[in-house]
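Below is one structure, written out as structure tokens; comments come after it.
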Amino acid sequence: MIRPFENTLAFSRQADELDSLKTFRDKFYIPQHQGRKVVYFTGNSLGLQPKTTASYIQQELNDWATFGVEGHFLAKNPWMPYHELLTEKMAKLVGAKNEEVVMMNQLTVNLHLLMVSFYRPSPTRYKILCEAKAFPSDQYALQSQLQFHSFDVNEALIEIAPRQGEFHIRHEDILEAIETHGNTIALIMIGGVNYFSGQVFDMKAITQAGHKVGALVGFDLAHAAGNIKLNLHDWEVDFAAWCSYKYLNSGPGGVAGAFIHQKHVNNAELPQFAGWWGHDKNTRFLMDNTFVPIPSAERWQLSNAPILSMAACLASLDIFNEVGMDTLIEKSKHLTAYLEFIVTQLNTKKNNCLQIITPPQNRGCQLSIVAKGYGKPLYEKLMANGVIPDWREPNVIRCAPVPLYNSFEDVYRFGEILEALL
Ligand SMILES: *Cc1c(COP(=O)(O)O)cnc(C)c1O
Numbered sequence: 004m005i006r007p008f009e010n011t012l013a014f015s016r017q018a019d020e021l022d023s024l025k026t027f028r029d030k031f032y033i034p035q036h037q038g039r040k041v042v043y044f045t046g047n048s049l050g051l052q053p054k055t056t057a058s059y060i061q062q063e064l065n066d067w068a069t070f071g072v073e074g075h076f077l078a079k080n081p082w083m084p085y086h087e088l089l090t091e092k093m094a095k096l097v098g099a100k101n102e103e104v105v106m107m108n109q110l111t112v113n114l115h116l117l118m119v120s121f122y123r124p125s126p127t128r129y130k131i132l133c134e135a136k137a138f139p140s141d142q143y144a145l146q147s148q149l150q151f152h153s154f155d156v157n158e159a160l161i162e163i164a165p166r167q168g169e170f171h172i173r174h175e176d177i178l179e180a181i182e183t184h185g186n187t188i189a190l191i192m193i194g195g196v197n198y199f200s201g202q203v204f205d206m207k208a209i210t211q212a213g214h215k216v217g218a219l220v221g222f223d224l225a226h227a228a229g230n231i232k233l234n235l236h237d238w239e240v241d242f243a244a245w246c247s248y249k250y251l252n253s254g255p256g257g258v259a260g261a262f263i264h265q266k267h268v269n270n271a272e273l274p275q276f277a278g279w280w281g282h283d284k285n286t287r288f289l290m291d292n293t294f295v296p297i298p299s300a301e302r303w304q305l306s307n308a309p310i311l312s313m314a315a316c317l318a319s320l321d322i323f324n325e326v327g328m329d330t331l332i333e334k335s336k337h338l339t340a341y342l343e344f345i346v347t348q349l350n351t352k353k354n355n356c357l358q359i360i361t362p363p364q365n366r367g368c369q370l371s372i373v374a375k376g377y378g379k380p381l382y383e384k385l386m387a388n389g390v391i392p393d394w395r396e397p398n399v400i401r402c403a404p405v406p407l408y409n410s411f412e413d414v415y416r417f418g419e420i421l422e423a424l425l
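Numbering of the sequence shown is given in my numbering, commencing with residue 4 and proceeding in unit increments.
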């Protein structure tokens with residue numbers, strides 16, 4: 004990567020030329036605006052479609068047409084064990100062992116299923132600790148789990164907020180809250196990367212602190228999977244769940260992921276909700292009424308797998324595995340630093356009207372930007388000019404330059420268009 008950065012078209016094009024991942028942009032469909040590719044900065048919301056996705060799905064449609072029900076065994080990729088094709092590829096991206104990962108259901112569904120096993124409150128240890136302003140679905144999930152167990156949400160949910168006037172949560176405040184509530188905490192459940200601010204939490208340290216007071220620790224990795232380096236196994240995270248349609252490009256409503264640490268997968272004491280797909284594969288079709296759990300994360304599967312959705316996920320995981328997270332993150336750092344540079348320059352030119360609220364030391368590719376005095380019309384004008392960021396109430400524009408398919412030129416063009424609008 005060349006430094007120092009320059010805010011010129013020529014520089015951005017030169018940076019693209021030197022980018023070892025430059026050929027990957029062509030592997031994706033990029034939406035158009037007035038005959039030109041948009042600046043797509045919403046891979047954190049819905050990742051773009053790989054050009055290979057259609058053929059992966061078509062394969063399954065063909066096999067369904069050819070074999071009908073026999074496709075479970077005779078398809079090129081037999082459907083019975085189809086989900087296993089995704090496991091190793093997914094596990095690599097989140098730093099897990101194969102037995103710790105399964106692709107199934109949707110994210111919020113997985114959070115609930117995992118809390119059935121890992122939120123086991125007692126009359127004295129029952130609190131859940133989370134970050135304030137977690138993604139709404141996570142808040143509803145946590146609140147309803149507390150209510151399900153008859154606890155008062157106001158008393159039993161501990162939300163760690165940024166300090167007055169600050170935009171992100173201080174790590175020491177999280178640790179202090181864990182210490183303070185100590186042995187009343189049953190579960191710590193935090194978004195690994197906050198969807199609003201883009202802040203990355205120190206998952207390893209939080210897990211250690213949680214375990215020290217006897218709590219279990221889980222993470223929602225919706226904004227982390229495919230974005231930042233994860234080492235779930237080594238960090239000893241108890242469980243995690245994520246969706247695959249954001250950075251992982253597996254299409255709207257794509258199948259989600261779940262991680263359960265190796266130390267738990269075989270624990271017969273651990274309660275769970277069960278279904279036939281979690282039952283021992285050798286005896287599943289004996290249709291016996293005694294549940295024999297698969298000794299891996301697959302044990303939490305309830306239903307047979309959604310093959311078409313899994314095919315789309317596989318197409319994307321194959322691309323990720325071709326690149327590898329380390330290479331991806333290296334580019335991500337440069338690309339996001341370039342966006343930061345452009346926004347900072349603009350800010351100087353335009354009376355300090357822009358503020359990046361994402362912490363520079365703890366971030367993935369997303370920058371959350373407050374444009375003071377502008378509000379939602381600015382976002383709408385960006386959209387009308389071929390930039391797709393997203394808007395989060397009350398005043399944040401989120402921009403995620405995604406290393407797989409965004410270019411340095413995208414970042415330059417974003418700056419050029421934004422400058423004209425300020
Ligand atoms: C995107 C997102 C969700 C969405 O949940 P689904 O069950 O996939 O609809 C939930 N939580 C977080 C943190 C998210 O970023």
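Built from N, CA and C at the ideal position, the CB exists for glycine as well. As the structure is a prediction and not an experimental result, all values here were calculated from the model.
Residue selection by CB proximity (closer than 7 Å to any heavy atom of ligand 1) returns Q109, L110, T111, V112, A137, F138, S140, D141, G194, Y198, D223, A225, H226, C246, K249, A259 in chain order.
Taking all protein chains in view, the Cβ of I5 is surrounded by fewer than 16 other Cβ atoms within 10 Å, so the residue is classified as exposed. Here I209 has I177, I191, I193, V220 as same chain residues with Cβ atoms under 7 Å from its own Cβ, once five neighbours each way along the sequence are excluded. Unbroken beta strand (DSSP E) stretches of 3 residues or longer found wholly inside the stretch 287–364: 357–359, given in chain order. Contact between F199 and R16 fails: their C-beta atoms lie close to 33 Å from each other, not under 8 Å. In this structure the stretch 82–90 lies against the stretch 303–318, because at least three pairs of beta carbons, one per stretch, are closer than 8 Å. By the Cβ-count criterion, A135 is exposed, with fewer than 16 other Cβ atoms from all chains shown falling within 10 Å of its own Cβ. For V216, the three-state secondary structure derived from DSSP is coil. Counting along the chain, the unbroken alpha helix (DSSP H) around R16 starts and ends at 12–21. Using a Cβ distance threshold of 7 Å, P7 and K30 do not count as a contacting pair. Under the three-state reduction of DSSP output, Y43 falls in the strand class. DSSP places L116 within a helical segment (H, G or I) once states are collapsed to three. Boundaries for G260: no alpha helix (DSSP H) harbours it, while the beta strand (DSSP E) harbouring it runs 260–263, taken from the DSSP string.
Sequence-distant partners of E91 (beyond 5 residues in either direction) whose C-beta falls short of 8 Å from its own C-beta, in its chain, are N101. Counting other Cβ atoms within 10 Å of its Cβ, V203 reaches 16 or more and is therefore classed as buried. The three-state secondary structure of E63, taken from DSSP, is helix.
For A374, no alpha helix (DSSP H) run applies; the uninterrupted beta strand (DSSP E) run containing it begins and ends at 370–374, by DSSP. Taking one beta carbon from each stretch, the stretch 150–161 and the stretch 215–231 have fewer than 3 pairs nearer than 8 Å; the two do not touch.
Here K334 is buried, its C-beta having at least 16 other C-beta atoms within 10 Å. Rounded to whole angstroms, the separation of the alpha carbons of F323 and L425 is 37 Å. Partner residues in the beta bridge of Q35, as assigned by DSSP, are K40. For D393, there is no enclosing alpha helix (DSSP H); the enclosing beta strand (DSSP E) covers residues 393–395. Contact between G281 and L305 holds, with the beta-carbon distance rounding to 7 Å and staying under 8 Å. Inter-segment contact for the stretch 395–405 and the stretch 370–381 is present: three or more beta-carbon pairs are separated by less than 8 Å. Counting the other Cβ atoms within 10 Å of the Cβ of K249 gives 16 or more, which makes it buried.
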